[in-house]
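Scroll down for the structure; my scribbles are underneath it.
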Ligand code: RNT
Ligand code: ZN
């Protein structure tokens, strides 16, 4: 008996089918964010990152061209099992030599190279309008701006993005999740809280006049509690976004860095799934604030995964990663975050949820606690190795040697 068969039997004795878990993990795609590769800079402007989000660190080897970014993503993906999606931001438009289009004039053709990339790898694409790092976002207000011409500019950007998201879905044959996040807010306690939110709602209404097929483009709205420089008031608060998506039948997006520190997305998920066909997540790791550290295999990531699996709605939760760390090798950051999200999913898939639910309903909290704690010593790592082997990716830390080699041969020469 090899070690995997031993683990398989141990799980089977507790009612868990490891083969089904491996299969489910292989089919579970995670949206890998292109913006980890270049510190959220993109290709369409020389503007620094704005909007109250921040990368820190200056590790060498940042991707500065589309070819570099795509090569780095390929390196990362070669070390991650399964089939995934790539999450693209509008500021990653790829222009021909001498060509330029402002955000309100972006067209599908400016993203043709992303489609080519995804199609060649059989992957899907997700999309995000970029309402930051732009002169017209310098005031910190985009879709909620009281200046009508600026507000309209951003509405046009949103419409252009819906057209691009539709193009992604049509070309790849895989639905595109399009997430709207705006940085709008105020540093100081505002005199008028209602006005900006009313304008944001109006702008969203105008944006949604752009026709699209709801089966192809899943439009999400992401809430936030605060950003750097906008500490006192955030237009797109949790209540705003939730009410808006409910009214319009959009998809709510929860970023686990976007809540007060003792609030957890793992506890919100079931409530959201009860009232929505689809829920989208940005999985990240906030350290003391919305710092967007690389996702670890930590308690909350595991608890989020547990909720996704235990709900029986795995296919209704669109998981994307959202972190940006410029202080370590950026390719390694992707690999660590993606593998950790997968590890958390595997751990959840290897859990006898039905049995434990029964204990809860029977009020046998003693067994629920004791069994779930003992279960932590189950040989999860053996099943993880088996999954990686079947996917043809390193099952252990050997992947790091590959990234170091890539750093020596490619990244350090940039
Ligand atoms: C910002 C939001 C948003 C961005 C990306 C780059 O706080 O989390 O999702 O991180 O759009
Ligand atoms: Zn986010």
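Numbering (the numbering used here), first residue to last: 10 to 423. Beta carbons are placed, not taken as given, at the ideal position from N, Cα and C, and that holds for glycine.
Query	Result
Cα-Cα separation, residue 121 to residue 368	53 Å
Supposed contact pair residue 391 and residue 350 - C-beta distance, whole angstroms, cut 8 Å	So it is not a contact: roughly 20 Å between Cβ atoms.
Opposing strand residues paired with residue 261 [DSSP bridges]	230
beta-carbon residue 331 near the ligand ZN non-hydrogen atom, thresh 6 Å	yes
N-terminal and C-terminal residue of the beta strand (DSSP E) that residue 454 is part of	In the structure as shown, the chain starts at 10 and stops at 423, and residue 454 therefore has no counterpart that could be examined.
Residue 193 CB to nearest heavy atom of the ligand RNT below 6 Å	no
Residue nearest to residue 404 in terms of C-alpha spacing, selected from 55, 80, 91	91
Contact test: residue 123 Cβ vs the ligand RNT heavy atom, cutoff 6 Å	no
Residue 25, DSSP secondary structure in three states	coil
Unbroken beta strand (DSSP E) run spanning residue 381, endpoints	No beta strand (DSSP E) holds residue 381; the alpha helix (DSSP H) holding it covers 374-383.
Classification of residue 359 by the beta-carbon crowding that lies within 10 angstroms, buried from 16 upward	buried
Any beta strand (DSSP E) of 3 or more consecutive residues that is wholly inside the segment 233-291	260-264
Limits of the beta strand (DSSP E) - the one that residue 355 falls within	From DSSP, residue 355 is part of no beta strand (DSSP E) but of the alpha helix (DSSP H) over 339-358.
Sufficient close CB pairs (3 or more, under 8 Å) joining the segment 105-124 to the segment 165-179	yes
Alpha-carbon spacing of residue 135 relative to residue 63, whole angstroms	22 Å
Beta-ladder partner(s) of residue 40, from DSSP	94, 329
For residue 201 and residue 37, the rounded distance between their alpha carbons	44 Å
beta-carbon residue 42 near the ligand NAP non-hydrogen atom, thresh 6 Å	This structure lacks the ligand NAP; the ligands present are the ligand RNT and the ligand ZN.
Under 7 Å between C-beta atoms of residue 185 and residue 99	no
Three-way DSSP call (helix, strand, coil) for residue 166 in this model	helix
Short Cβ contact (7 Å threshold) for residue 59 with residue 141	yes
Residue 255 CB to nearest heavy atom of the ligand RNT below 6 Å	no
Nearest-angstrom Cα separation, counted from residue 249 out to residue 206	8 Å
Inter-residue spacing [alpha-carbon to alpha-carbon] between residue 227 and residue 347	22 Å
beta-carbon residue 62 near the ligand RNT non-hydrogen atom, thresh 6 Å	yes
Nonlocal neighbours in the same chain, by C-beta distance under 7 Å from residue 210, ignoring five residues either side	253
DSSP three-state assignment for residue 143, whether helix, strand or coil	coil
Cβ contact check for the segment 225-239 and the segment 273-281: 3 or more pairs under 8 Å	no
Contacts around residue 302, its chain only, beta-carbon distance under 8 Å, and the 5 residues preceding and following it disregarded	293, 294, 295, 296, 332, 334
For residue 67, the three-state DSSP class (helix, strand or coil)	coil
Delimiting residues of the beta strand (DSSP E) encompassing residue 186	185-189
Run of the alpha helix (DSSP H) containing residue 137, from where it starts to where it stops	From DSSP, residue 137 is part of no alpha helix (DSSP H) but of the beta strand (DSSP E) over 133-137.
Contact test: residue 137 Cβ vs the ligand RNT heavy atom, cutoff 6 Å	yes
Beta carbon of residue 24 nearer than 7 Å to that of residue 423	no
Residue 220 versus 174, 21, 144, residue with shortest Cα-Cα distance	174
Integer Cβ distance of residue 53 from residue 102, believed to fall under 8 Å	5 Å
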